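**Q** Using our numbering, the letters of the sequence shown correspond one by one to residues 36 to 170. Idealized CB from N, CA, C, for every residue including glycine. This one's a predicted model, so the numbers in the text were calculated from it and none came from an experiment. Attaching a single structure in structure tokens format; questions to follow.
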Amino acid sequence: MGFEDLRPGLGEGSKLWTRGAERGSTSIRPYWRCYYSNTAAVVFVIDSTDTERLETAAGELRAMLDEEELRDAALLVFANKQDQPGAKGAGEISESLRLAELKDRNWSIMACSAIDGSGVSEGMDWLVQTVGENS
Numbered sequence: 036m037g038f039e040d041l042r043p044g045l046g047e048g049s050k051l052w053t054r055g056a057e058r059g060s061t062s063i064r065p066y067w068r069c070y071y072s073n074t075a076a077v078v079f080v081i082d083s084t085d086t087e088r089l090e091t092a093a094g095e096l097r098a099m100l101d102e103e104e105l106r107d108a109a110l111l112v113f114a115n116k117q118d119q120p121g122a123k124g125a126g127e128i129s130e131s132l133r134l135a136e137l138k139d140r141n142w143s144i145m146a147c148s149a150i151d152g153s154g155v156s157e158g159m160d161w162l163v164q165t166v167g168e169n170s
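Below, the structure is given as structure tokens:
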């Protein structure tokens, strides 16, 4: 896990914590909840080309969002790797994650590519605006 200061706009003292969900990292998942207190937003990055793990990702996301300490946290999903052939679009990812069922939470999904940067700024702009409105 890593920590860094967030970009301007989210408020003084805002921190970003990152945690990996790569293959083989399931042993650290129980410790994620140690970082949930005072979390304003969750950024969940999906590999849009990895359809085999999409169901697992959906379950992990749902379990995380069911945590009491995250009930008010906004959710931004990045549907990453849109630059790759066969990548599922944001709509398909949203459907697979059942995001429409999130009735009492601010959420957004953004198609993006970490390689060329497309969609990343737009997603972060939404996040800054949403967290700013709720603080």
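Below 9 Å between beta carbons: does that hold for A109 and W142?
**A** Position 74 of the sequence shown, counting from 1, holds the residue named residue 109. Position 107 of the sequence shown, counting from 1, holds the residue named residue 142. Cβ distance < 9 Å, so A109 and W142 count as in contact.
**Q** Anyone know if the C-beta pair for E90 and S131 falls short of 9 Å?
**A** Against the sequence shown, residue 90 aligns to sequence position 55. Against the sequence shown, residue 131 aligns to sequence position 96. Closer than 9 Å, so yes.
**Q** Please list, in chain order, all residues of the same chain as L111 whose beta carbon is under 6 Å from its beta carbon, the five residues on each side excluded.
**A** As a position in the sequence shown, residue 111 is number 76, starting the count at 1. V78, S143, G158 and L162, listed in sequence order.
**Q** Which word fits D151, buried or exposed, when buried means at least 16 other C-beta atoms lie within 10 angstroms of its C-beta?
**A** Locating residue 151 in the sequence shown gives position 116, where the first residue counts as 1. The residue in question, D151, is exposed, as its Cβ has fewer than 16 Cβ neighbours within 10 Å.
**Q** Might you give, ordered along the chain, the residues of its own chain that have their beta carbon closer than 6 Å to the beta carbon of G154, omitting 5 neighbours on each side?
**A** If you number the sequence shown from 1, residue 154 lands on position 119. Once the five neighbours on either side are set aside, the close Cβ partners of G154 are M145, A146 and C147.
**Q** Taking 9 Å as the cut-off, decide whether the C-beta atoms of I128 and A114 are in contact.
**A** Along the sequence shown, read from residue 1 onward, the residue named residue 128 stands at position 93. Along the sequence shown, read from residue 1 onward, the residue named residue 114 stands at position 79. Yes, these two residues count as a Cβ contact at 9 Å.
**Q** Helix, strand or coil for S156 per DSSP?
**A** Looking up residue 156 in the sequence shown gives position 121. Helix, per DSSP.
**Q** With a threshold of 7 Å on Cβ separation, who are the neighbours of D118 within its own chain once the five nearest residues in sequence on each side are excluded?
**A** Against the sequence shown, residue 118 aligns to sequence position 83. Cβ neighbours of D118 beyond the five flanking positions: S148, I150 and D151.
**Q** So for I81, helix, strand or coil by DSSP?
**A** Here residue 81 corresponds to residue number 46 of the sequence shown, with the count starting at 1. Residue state, collapsed to three classes: strand.
**Q** Considering only residues of the same chain and omitting the five flanking positions on each side of E104, which have a CB-CB separation below 6 Å?
**A** The residue you call residue 104 lines up with position 69 of the sequence shown. Taken in chain order, the residues that qualify are Y71 and S72.
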